[in-house]
Every structure is written in structure tokens, then in C-alpha cells.
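Numbering (our numbering), first residue to last: 12 to 267.
Beneath this line is the structure, given in C-alpha cells, with notes to follow.
Rendered as C-alpha cells:
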């Protein structure tokens, strides 16, 4: 199992939720962005073995990736698709922006990489200077933007959750003082909390954060979305952008 505390915490919550096998990819943050396609190919090869040799159903495979890990998940899914196989789900937790902000979907996580791709954006561009670590552009069937995907409750301008992002920052050549690492890691906190929480993180489909703040999107008409592990896996028609508010403390469910 990976050394990062957040990975261990998430795996424990997953095993508490239901009977499953969980694996993690070691040292993901020690790999430069240029190695993500290689690591993705290796993950795809492992899944291929699990499917061919151990008859693991592809529809039951769920890859959860944070930052560079989300891009690795996309490349793994892409390779499998090219081989005629599609896994059940990929969850991208604030997919890495530096080196991946391209219109070409083949160069990053995109909806074609799995039967269902859901994405949580927590550190997108916030101001004239883009110091964000996460992609702003939609890259799933459903893209969630808690608090507009920008400043997350409890995150100051220099607050950091743990040390999990240090090596990522080094490889991405982003000044530590210019980013809000706390925002980037909040996607992990939200997803982990959602696994066994009785409080659903209800999100509202909307064109943008401003319209959501102005109260234009509070009528879901039966198509409200739930952010996190228990998300409704209905892909809908085209990309769905969903917005919600969270609070600082666990389980993070805010007023919507």
C-alpha cells in the first residue's frame, strides 16, 4: 500500500463500505508528469491480467486517481479501450493541470476512458494569474465544482494539508508560495468523507458558478447529482457540470 496517509485512509473507508479488493500505485508523486503515460500503461497491463487470468469483471473496476494519478487513470483507461476493453469507472480527484491542459482529449483524462468518469475539481484558476494545480476544463461525464472549484472552506492562501504534494510541486516546477495546496487536496478529503457518510453532497447541474450563486440552478427536476463515491452513474446527455457548497468540517455537506 502507498505510504501517503490519505491513501490509507481512503482504502480503510472503502473496505468499511463493502467487500472489495483494493490496490494502490506506489510513489505516484515521485514520477514526473512525462511518466504518467508509462505508468498508465502499466496499470492497464495489470488490469488486463486481472481480467484475463482471474476473470475480474471490467465493469467492477474503479480507478480513483488524484492529481497526476487522475491522468494516469485516464491513460490506463485509454490503453484498455484501444484493446477493446472498457473499465467501469474512473474518478478523477482534481486532475493535474500543469502539462495536461490540452484540447486534445487523448492527452489527458476524458469521458471515453471508462464507462463512467466523474471528476471533482477543487483547485482551478482563481484570478488573472493561474497558479492552480487542477484542471478547470470538464474532463468527465459529470464534473463537480464544489465552491466553484476554487477557494475551499478551511483553506487559506498558504495552508497545506500534509506533505503529499511536495514532490509534485517540485516536478511541476510551480512555486510553493504561489499555490494553495490545501485546495488541491480537498478533492481527496471530500471523496473519502463521502464513502460512508450519511450526509449526501448534493450538487446542482448548472452552466457556471455565478449562475449557481445567483440561485438559478436550485431546481434539479429530478436530476440532482451526488458528489463522491456514491455518485449516480447515469452519464446523461453530454458533459454535466454540477455545483455545490461545502463547509469546513467533516462530513463537509453544506447548504445547497
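No residue lacks a Cβ here, since even glycine has one placed at the ideal position from N, Cα and C.
Status (buried if at least 16 other CB within 10 Å, exposed otherwise) for residue i
{"i": "residue 189", "result": "For residue 189, the predicted model reports a pLDDT of 34, less than 50, meaning its position is unreliable; a value from the coordinates is still stated below. Classification of residue 189: exposed, given that the 10 Å Cβ count is below 16."}
{"i": "residue 82", "result": "buried"}
{"i": "residue 34", "result": "exposed"}
{"i": "residue 180", "result": "Because the pLDDT at residue 180 is just 45, under 50, the model does not fix this residue reliably, and the value given afterwards should be weighed accordingly. Buried is the call here."}
{"i": "residue 218", "result": "exposed"}
Beta-carbon proximity of residue i to residue j, cut-off 7 Å
{"i": "residue 159", "j": "residue 220", "result": "yes"}
{"i": "residue 69", "j": "residue 98", "result": "yes"}
{"i": "residue 207", "j": "residue 29", "result": "no"}
{"i": "residue 84", "j": "residue 74", "result": "yes"}
{"i": "residue 210", "j": "residue 149", "result": "no"}
{"i": "residue 129", "j": "residue 194", "result": "no"}
{"i": "residue 101", "j": "residue 125", "result": "yes"}
{"i": "residue 212", "j": "residue 238", "result": "yes"}
{"i": "residue 106", "j": "residue 152", "result": "no"}
{"i": "residue 345", "j": "residue 258", "result": "Residue 345 cannot be examined here, being either before or after the span of the chain that is shown, 12 to 267."}
Residue i - containing alpha helix (DSSP H), residue span
{"i": "residue 102", "result": "Careful: residue 102 lies outside any alpha helix (DSSP H), inside the beta strand (DSSP E) at 100-104."}
{"i": "residue 67", "result": "Unbroken run through residue 67: none, as it is neither H nor E."}
{"i": "residue 91", "result": "79-93"}
{"i": "residue 202", "result": "192-207"}
{"i": "residue 18", "result": "16-28"}
{"i": "residue 237", "result": "Looking at the DSSP string, residue 237 is not in any alpha helix (DSSP H); the run it does join, the beta strand (DSSP E), is 236-238."}
{"i": "residue 223", "result": "220-224"}
Beta strand (DSSP E) segment containing residue i, residue limits
{"i": "residue 213", "result": "212-216"}
{"i": "residue 135", "result": "Per DSSP, residue 135 belongs to no beta strand (DSSP E) and is neither H nor E."}
{"i": "residue 154", "result": "153-157"}
{"i": "residue 251", "result": "251-255"}
Discussion item. With three or more C-beta pairs closer than 8 Å as the rule, is the stretch 48-65 touching the stretch 239-248?
Written reply: No, because fewer than three Cβ pairs between the stretch 239-248 and the stretch 48-65 fall closer than 8 Å, the two stretches do not touch.
Discussion item. Tell me whether the stretch 111-119 and the stretch 226-234 touch, counting them as touching only if at least three CB pairs, one residue from each stretch, are closer than 8 Å.
Written reply: With contact defined as three or more Cβ pairs closer than 8 Å, the stretch 111-119 and the stretch 226-234 are not in contact.
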